[in-house]
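> For reference, the structure I am asking about is given below.
Residue numbers (this note's numbering), protein chains in the order written: chain Y, 29 to 128; chain R, 1184 to 1394.
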């Protein structure tokens, strides 16, 4: 199945994904308001492991933002780029595995 | 739930890389030349959907937050092997492009979210759907992520950085994700049910899976 066919068949799903990305800054803001911390970070904090965290690869969109740009606006750009890359990689994997 | 660099001892990183590589290789081998035509693009579609869903951090009053993981959904909609590969693509891009999860911990993150969550979710759904499909979907999402979190708790708990605080790490990860996983279970139930009811032609659900 070519990309054009994928777009034709799955356009509704892709629109939903676009909406999710557009609202992601709202969720990011909400997480900031409550003090963003996942259970993993809570465990690390409790046992004094946070200071050992580092990043060998920060990526071109560290923390789903573009360095220097507005964090909420750049989250949308990062989300769109990420979705397209993941979609493309998934299509490549599917193609490589081959049909029956 | 993405473990960063620095949290795991190197031997644990190595072991988790090996285990994950074996499962990924086995999954690819099982799928080679066996995908139905609609399944080929679906691996990418599901992966993109999970990536987008993981960007939505739910703020939980009291100072924590969590995001949907989606391993059970991938396993149920794609089957465990394709679901695993779909999640692997998400986690790998998150690591390399967004710095979400460390490269040294990628094997562990894949094990927790692309193997435990996917396979456990699929197996629970497969075992319980004959009794009640909605309940089986809910439990698949909930228990899948809960066990994935406990696996993460074990991995960091046997690491020297965490002072070998296994009881603490497993408790924190297990209790918190056991609670937050309820949301994962509800989303899993609603999302898969929606697909099965409204768009059954879009997804090559295995023959034994019906509404």
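From the three backbone atoms N, C-alpha and C, an ideal C-beta is built for every residue, glycine too.
Mind reading off the beta-carbon distance from residue 87 of chain Y to residue 1282 of chain R? Whole number of angstroms is fine, and I expect it under 8 angstroms.
With a Cβ gap of about 4 angstroms, residue 87 of chain Y and residue 1282 of chain R count as contacting.
> If the cut-off is 8 angstroms on Cβ atoms, which residues from the stretch 86-109 of chain Y count as contacting chain R, listed in chain order?
Of all residues in the stretch 86-109 of chain Y, 86, 87, 88, 89, 90, 91, 92, 103, 106, 107 and 109 have a Cβ within less than 8 angstroms of some Cβ in chain R.
> Bridge partners for residue 60 of chain Y per DSSP, in chain order?
DSSP lists no partner for residue 60 of chain Y.
> Based on Cα-Cα distance, which residue from R:1191, R:1209, R:1212 and R:1314 lies nearest to residue 72 of chain Y?
Residue R:1191 is the option with its Cα nearest to residue 72 of chain Y.
> Give the residues of chain R in contact with residue 39 of chain Y, contact being defined as C-beta atoms less than 7 angstroms apart.
Within 7 angstroms Cβ-Cβ: nothing; residue 39 of chain Y doesn't reach chain R, min ~11 angstroms.
> For residue 32 of chain Y, which residues in chain R fall below 8 angstroms Cβ to Cβ?
Within 8 angstroms Cβ-Cβ: nothing; residue 32 of chain Y doesn't reach chain R, min ~11 angstroms.
> Expressed to the nearest angstrom, what Euclidean distance is found between the alpha-carbon atoms of residue 1326 of chain R and residue 1361 of chain R?
Their backbone Cα atoms lie some 8 angstroms apart in a straight line.
> For residue 43 of chain Y, count neighbouring C-beta atoms within 10 Å of its own C-beta (all shown protein chains included) and say buried if the count is 16 or more, exposed if not.
By the neighbour-count rule (16 or more Cβ atoms within 10 Å), residue 43 of chain Y is not buried but exposed.
> For residue 1240 of chain R, which residues does DSSP report across the bridge?
Beta-bridge pairing links residue 1240 of chain R to R:1250.
> Could you compute how far the alpha carbon of residue 1321 of chain R sits from the alpha carbon of residue 1223 of chain R?
Those two C-alpha atoms are separated by around 27 angstroms.
> Please compile the residues from chain R whose C-beta is within a distance smaller than 7 angstroms of the C-beta of residue 113 of chain Y.
Within chain R, the residues near residue 113 of chain Y are 1276 and 1280.
> 7 angstroms is my cut-off, CB to CB: does residue 78 of chain Y come that close to chain R?
With 7 angstroms as the cut-off, residue 78 of chain Y does not count as an interface residue toward chain R.
> What do you reckon, are the CB atoms on residue 62 of chain Y and residue 1242 of chain R nearer than 7 angstroms?
The answer is yes: Cβ separation under 7 angstroms.
> Helix, strand or coil, according to DSSP, for residue 127 of chain Y in the structure here?
It is a strand residue.
> Skipping 5 residues on each side, what residues in its chain have a beta carbon closer than 6 angstroms to that of residue 52 of chain Y?
For residue 52 of chain Y, where only same-chain residues beyond five positions count, the Cβ hits under 6 angstroms are 103 and 107.
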